[in-house]
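Student: Supplied in structure tokens, the structure appears directly below.
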Amino acid sequence: MIEVRNARKSYGETVVVDDVSITVPAGGVISLIGANGAGKSTLLSIISRLLPAPAGTVMVEGMDVTTTPGDVLARRLSILRQDNQMTARLTVRDLIAFGRYPHSKGRPTVEDRGHVERVIRYLELEAVAHRFLDELSGGQRQRAFIAMVLCQDTRYILLDEPLNNLDVKHAVAMMKLFRRTADAFGKTIILVLHDINFASCYSDRIVAMRDGRIAFEGPPEEIITPAVIREVYGVEAAIQEIDGKRVALYFR
Amino acid sequence: MKGLVLAAAGVTALAAASLFVGVSDVTVGALLGGMSDEATQVMLVSRIPRTLALLLAGSGMAVSGLILQMLARNRFVEPSTAGTAESAVFGMLMVTLLAPGTPMLGRMLVAGACALAGTALFLGILRRMPLRSPLVVPLVGIMLGAVITASTEFVAYRFDMMQSVRAWETGDFSGVLRGRYELLWIGAALTAVAYAAADRFTVAGLGEDFTTNLGLNHRRVVSLGLVIVSLVTAAVIATCGMIPFLGLVVPNLVSLTRGDNMRRSLPWVALSGAGLVLACDIAGRLVIRPYEIPIGTTMGIVGSAIFLYLLLRKNAHAG
Ligand SMILES: Nc1ncnc2c1ncn2[C@@H]1O[C@H](COP(=O)(O)OP(=O)(O)OP(=O)(O)O)[C@@H](O)[C@H]1O
Ligand SMILES: [Mg+2]
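Chains as they are written, first to last, in my numbering: chain R, 48 to 299; chain G, 17 to 335.
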């Protein structure tokens, strides 16, 4: 369980995360949606201790993220940020293997190697596993980063816009993989998504942010409604049900 | 692995050549035949120390460049574009002026402390810069270095120390004798530490967020790297003077083919650094014999040529 209590963060005069409190129960896929600048990435960074918040507390399974030793937390929670510039030339396999660092501390066991190969297979990276990151396409690189975080094999996985740069096929495959990982291994996966239909079809709960606050929270059927979408994005959407999943049409 | 063995063999050959190139003729025959004590003396007092110094300084400076590039996450930094070398020279001048009786080790430690402060200042400035374009980073380091050099030369000029400052600024191995290069072994030990911590430096090279996510304390990794780089640079400057471009071109060349996983690339960087310095020094001894061109000059020419090649390569991956 992740418990955020009264988290606040401001830059100068602007408050970007405004007194947010939220409890995320263990297990399942949770999607965080909201307009650009709503504070999604900032909240995720606070939860994952990448960004110190001046006020509020974040507890992951009862551990305060600001005081728990970094390596303990790294075996419990992993995070991938929205944009990742990489200057170091690593091969895809080496990058993914570094996901095992919290467990192996640089001395990979047979088990660690098995993890690496399995994740490479799941994310269909076999063909590029030996290539350097700067010789990949944007989507391949994004998949390599996600693979690294999955290889870390933590109970809580936080991914900021993981579908960035992915084509339709890989986006769907990725969401299915998250769903399977959550169902089969009881992982808690928190995703920031811009495609509300992916959020609708694959998550157990959706959290909608607006102006640094949590505006709505609930299962997809409560969030994917014309009223909520209007409130959150200021866009008119028609909702249709396809195969029991709610899909928003907002292209007009 | 096979490649590494070959590279090691190449460096060994260069080292062997270095033993037999110089003003006074020393041949294998003369040594083995025990014909001249003079040849043995030249070997023990000058040639072996010089060759060891070249090996140690070359690998140490190249590895320092690699570490700095990982920490600053920029391909264009090295000890002489990050304020490190200039600060070390400043430290040498200060300790020579204020406490002239200090032994070599003490002087090196003072220079190392100054180098540490200067490099930390450089990284501090980088942290505060919102937009870090790859080319601005070394420019900041060069400007910082210029400011430090200006203060060094101001003081040196007043106290008539310009000649010493020049000696620290320009690498030259012709003065390396037994008893005057042993500090470099500290550099070698630190290079071994760097190898032991190679994974941590690679993680730091992925950026602060990745480092935190993987459970490492970024600040601590950076501190360790800075201490290694500063002390190695100080040891090299105290014994033979600054070797330019080495820390810049060697890690870049290795990165092209071997990548940046330091566990794998560091041995290559160390060997190539040693090899390049040996080759440049031997060339400097041969070109205008019986005189010598200091390594600062030969390395400057060779290094800048390699650097230009790296910059002009078609699909150069800057930054
Ligand atoms: N370093 C910073 N300095 C000043 N303002 C910042 C900084 N980082 C973020 N902000 C501001 O904080 C607000 C929230 O940013 P955040 O990145 O959390 O938004 P987001 O919801 O992730 O948006 P997006 O969908 O575009 O990724 C924005 O208005 C942004 O301009
Ligand atoms: Mg964001």
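Glycine included, C-beta positions come from ideal geometry on N, C-alpha and C. Since the structure is predicted, the reported quantities are computational estimates derived from the model, not experimental observations.
Following the continuous alpha helix (DSSP H) through R/K234, name the residue where it begins and the one where it ends.
Tutor: It is not in any alpha helix (DSSP H) - R/K234 carries neither H nor E in the DSSP assignment.
Student: Counting Cβ pairs closer than 8 Å, one from the region 222-232 of chain R and one from the region 63-78 of chain R, do we hit at least three?
Tutor: As far as the Cβ criterion goes, the region 222-232 of chain R touches the region 63-78 of chain R, which means the pair count is three or higher.
Student: Does the count of Cβ pairs from the region 135-151 of chain R and the region 162-171 of chain R closer than 8 Å reach three?
Tutor: The answer is yes - the region 162-171 of chain R touches the region 135-151 of chain R, with three or more Cβ pairs under 8 Å.
Student: Thinking just about the alpha-carbon of each residue, which of R/I270, R/I243, R/G281, R/E283 is nearest to the one in R/L210?
Tutor: With distances taken between Cα atoms, R/L210 lies closest to R/I243.
Student: Output needed for G/E94: all residues of its chain with C-beta closer than 7 Å, excluding positions within five of it in sequence on either side, in chain order.
Tutor: Closer than 7 Å at the Cβ level, and outside the excluded window around G/E94, lie G81, L84, G263, L264.
Student: Give me the chain G residues within the contact set of R/T138, using Cβ-Cβ distance strictly less than 9 Å, ordered along the chain.
Tutor: Within chain G, the residues near R/T138 are G275, N277.
Student: Is it true that the region 106-116 of chain G meets the region 153-169 of chain G, where meeting means three or more beta-carbon pairs spaced less than 8 Å apart?
Tutor: Verdict: yes, contact present.
Student: Spatial neighbours of R/I49 within its chain, please: C-beta separation below 6 Å, excluding the five flanking residues on both sides.
Tutor: For R/I49, where only same-chain residues beyond five positions count, the Cβ hits under 6 Å are V71, V107.
Student: With DSSP as the reference, label R/G84 as helix, strand or coil.
Tutor: R/G84: coil per DSSP, three-state reduction.
Student: Looking at chain G, is there any beta carbon in it that lies within less than 9 Å of the beta carbon of R/R257?
Tutor: No, because no Cβ of chain G sits closer than 9 Å to the Cβ of R/R257.
Student: Taking G/L296 as the reference, which of G/V42, G/V37, G/L22 has the closest Cα?
Tutor: Contrary to the premise, residue 296 of chain G reads as Cys rather than Leu in this sequence. Selected option, being the one with the closest Cα: G/V37.
Student: What residues from the region 244-275 of chain R come within 8 Å of chain G, judged by C-beta to C-beta, listed N to C?
Tutor: Listed by position, the residues of the region 244-275 of chain R near chain G (Cβ gap below 8 Å) amount to none.
Student: Can you grab the Cα-Cα spacing for the pair G/S62 / G/R305, in whole Å?
Tutor: Cα to Cα, the separation comes out at about 17 Å.
Student: Nearest chain R C-beta to G/M17 closer than 9 Å, yes or no?
Tutor: By this cut-off, G/M17 is not an interface position.
Student: Let me know if R/M133 comes out buried or exposed under the rule of 16 or more other beta-carbons within 10 Å of its beta-carbon.
Tutor: Buried, because 16 or more other Cβ atoms sit within 10 Å of the Cβ of R/M133.
Student: Out of G/W184, G/A205, G/L72, G/S239, state which residue places its alpha-carbon closest to the alpha-carbon of G/L292.
Tutor: G/L292 has its Cα closest to that of G/L72, out of G/W184, G/A205, G/L72, G/S239.
Student: According to a CB-to-CB cut-off of less than 7 Å, which residues of the region 215-230 of chain G neighbour chain R?
Tutor: Residues passing the 7 Å Cβ filter: D215, T218, V219, G221, L222, D225, T228, N229, L230.
Student: Closer than 8 Å to a non-hydrogen atom of ligand 2 - does that hold for the CB of R/K56?
Tutor: False, no ligand heavy atom lies under 8 Å from that Cβ.
Student: Where does the unbroken alpha helix (DSSP H) through R/E269 begin, and where does it stop?
Tutor: Element bounds for R/E269: 267-270.
Student: Would you decide whether R/I177 is buried or exposed? Buried here means 16 or more other CB atoms lie within 10 Å of its CB.
Tutor: At residue 177 of chain R the sequence reads His, which differs from the Ile that was named. Label assigned to R/H177: exposed.
Student: So, is the C-beta of G/S40 closer than 9 Å to a C-beta in chain R?
Tutor: Not one chain R Cβ lies under 9 Å of G/S40.
Student: Among G/Y307, G/M177, G/A88, which has the Cα closest to the Cα of G/R144?
Tutor: Measuring from the Cα of G/R144, the nearest candidate turns out to be G/A88.
Student: Which residues, in order along the region 73-88 of chain G, keep a beta-carbon less than 7 Å from a beta-carbon of chain R?
Tutor: So the close ones are M86.
Student: Can you find a C-beta in chain R that's less than 9 Å from the C-beta of G/G335?
Tutor: At G/G335 the pLDDT is 42, less than 50, meaning the model places this residue with poor confidence; the figure from the coordinates comes in the next sentence. Yes - at least one Cβ of chain R is within 9 Å of the one on G/G335.
Student: Should R/M195 be labelled buried (16 or more other beta-carbon atoms within 10 Å of its own) or exposed?
Tutor: Label assigned to R/M195: buried.
Student: Nearest chain R C-beta to G/S271 closer than 9 Å, yes or no?
Tutor: So, interface residue.
Student: Closer than 9 Å, Cβ to any Cβ of chain R: which residues of the region 188-200 of chain G, in chain order?
Tutor: Here the close residues number zero.
Student: Name the DSSP beta bridge partners of G/Y325, please?
Tutor: BP columns for G/Y325 are empty, so no partner.
Student: Taking Cβ-Cβ distances shorter than 8 Å, what residues in chain G pair up with R/M133?
Tutor: Per Cβ cutoff of 8 Å: L222, G223.
Student: Figure out for me which residue from G/H234, G/W184, G/S281 has the closest Cα to the Cα of R/T138.
Tutor: Here the closest residue by C-alpha is G/S281.
Student: Which residue from G/G134, G/Y211, G/V266, G/I309 puts its Cα closest to that of G/V163?
Tutor: Out of G/G134, G/Y211, G/V266, G/I309, G/G134 has the C-alpha closest to the C-alpha of G/V163.
Student: List the residues of chain G whose Cβ lies closer than 9 Å to the Cβ of R/F225, in chain order.
Tutor: Neighbours of R/F225 on chain G: none; closest Cβ ~18 Å, over 9 Å.
Student: According to the Cβ coordinates, are G/T249 and G/R196 closer than 9 Å?
Tutor: No, they are not a contact pair.
Student: G/M17 by DSSP, collapsed to three states: which one?
Tutor: Here G/M17 sits in coil by DSSP.
Student: Taking the alpha carbon of R/D118 as the point to measure from, which residue in R/T201, R/L127, R/A174 has its own alpha carbon closest?
Tutor: When only C-alpha atoms are compared, the closest one is R/T201.
Student: Is R/K87 close to chain G, meaning its C-beta is less than 9 Å from at least one C-beta of that chain?
Tutor: For R/K87, the answer is no, since every Cβ of chain G falls outside 9 Å of its Cβ.
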